[in-house]
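*Asks:* If you number the sequence shown the way the working numbering does, the last residue is 241 and the count never jumps.
For every residue, glycine included, the Cβ atom is placed at its ideal position computed from N, Cα and C.
Just so we're clear, the structure is a prediction, and the values are computed from it rather than from any experiment.
This is the structure, below, for whatever I ask next.
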Amino acid sequence: MSAAVLCVTGTDTDVGKTIATACLAAAALAAGERVAVYKPAQTGVGPDEPGDVDTVAALLGRPGRLTVAEGVRVGPAMAPVDAALEAGGEAAAAALPDLRRHLDRIADLAAAHDTVLVEGAGGLLVQLTPAGDTIADVALACEAPLAVVARPDLGTLNHTGLTLEAAGRRGVRPGPLVVGSWPAEPSAVHRANLVRLQELAAEHGYAFGGTLPAGLGAAEAAEVFRVAGGLVASGRGR
4 MSAAVLCVTG TDTDVGKTIA TACLAAAALA AGERVAVYKP AQTGVGPDEP GDVDTVAALL
64 GRPGRLTVAE GVRVGPAMAP VDAALEAGGE AAAAALPDLR RHLDRIADLA AAHDTVLVEG
124 AGGLLVQLTP AGDTIADVAL ACEAPLAVVA RPDLGTLNHT GLTLEAAGRR GVRPGPLVVG
184 SWPAEPSAVH RANLVRLQEL AAEHGYAFGG TLPAGLGAAE AAEVFRVAGG LVASGRGR
């Protein structure tokens, strides 16, 4: 592919994956790049409601060098295949885009942009297609590194360790590990977890991308770009 592709996953749902995607996009935009953000499967929003890629665009002030796109949208707030089953039964699930269609869409975006960010649904092994393909399979097919977004709270060490190990066993290239929703007043648990998360990143070959402050999703675009500047030094997994 002509562009750099970076896949983004989380250690769980609601860990700040979309905010991290926005910051990664901001870092690339600040470097003068044309950026595309692709969401293979969006669930949990209605036809006329903003999805995750719309959130990214809004957070960044909708710059002209940013393109956002979805592969498919399914209403129920569930994993994509289950959401399709709930919404329309077996026929709806079978009609979800397959891996080839997602790869073709990514290739089209890559042809017109410098960086393509692909944001998965939920965690690493959530199925995106009727055949059971995951964001790990997308990353492997694109030969793209994987950015992992982790929580700072109790339980994150197990979730993060499992995610990094599962990605490694599948042969996925490591990118940055980013900690989302970092509190303004971190507790002893948060501080201890941060140390261990940095160790986990190093053990599995991930660059530690830093922390993203809680509440960043409500910030102005200038603040998002400022925070994103701190991710550049650790790389964007390119």
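1. Residues in its own chain within less than 6 Å of residue 87 by CB, not counting five upstream and five downstream?
2. Which residue comes first and which comes last in the beta strand (DSSP E) that contains residue 122?
3. Return the Cβ separation of residue 38 and residue 116 in integer angstroms, given the expectation that the two are a contact with Cβ distance under 8 Å.
4. Near residue 101, what residues of its chain come up, given a Cβ to Cβ distance below 7 Å and the 5 sequence neighbours on each side ignored?
5. If you draw a straight line from the C-alpha of residue 89 to the C-alpha of residue 35, how long is it?
6. According to DSSP, what are the bridge partners of residue 150?
7. Whole alpha helix (DSSP H) runs in the region 85–115 with 4 or more residues, listed along the chain?
8. Scan the region 142–191 and note each continuous beta strand (DSSP E) run of 3 residues or more that stays entirely inside, going in chain order.
9. For the beta strand (DSSP E) that residue 30 lies in, which residues bound it at each end?
10. If you follow the beta strand (DSSP E) that residue 44 is in, where does it begin and where does it stop?
11. Are residue 207 and residue 167 touching if we call contact CB-CB under 7 Å?
*Replies:* In short, the structure shows the following:
1. Here residue 87 refers to the residue found at position 84 of the sequence shown. If we look at residue 87 and ignore the five residues flanking it on each side, its Cβ neighbours are 77, 95, 96, 99.
2. As a working note, residue 122 is residue 119 in the sequence shown. 118–126 is the extent of the beta strand (DSSP E) around residue 122.
3. As a working mapping, residue 38 is identified with position 35 in the sequence shown. As a working mapping, residue 116 is identified with position 113 in the sequence shown. Indeed, because the Cβ distance is near 6 Å, the residues count as touching under 8 Å.
4. As a working mapping, residue 101 is identified with position 98 in the sequence shown. Answer for residue 101: 132, 133, 134, listed in chain order.
5. If you number the sequence shown from 1, residue 89 lands on position 86. If you number the sequence shown from 1, residue 35 lands on position 32. Their Cα atoms are separated by approximately 42 Å.
6. Locating residue 150 in the sequence shown gives position 147, counting from the first residue. Answer is 11.
7. 102–115
8. 148–153, 176–185
9. Residue 30 sits at position 27 when you count from the first residue of the sequence shown. Premise fails: residue 30 lies in the alpha helix (DSSP H), 20–33, not in any beta strand (DSSP E).
10. Position 41 of the sequence shown holds residue 44. Counting along the chain, residue 44 falls outside any beta strand (DSSP E), and DSSP gives it neither H nor E.
11. Looking up residue 207 in the sequence shown gives position 204. Looking up residue 167 in the sequence shown gives position 164. Yes, the pair counts as a contact, with Cβ atoms nearer than the cut-off.
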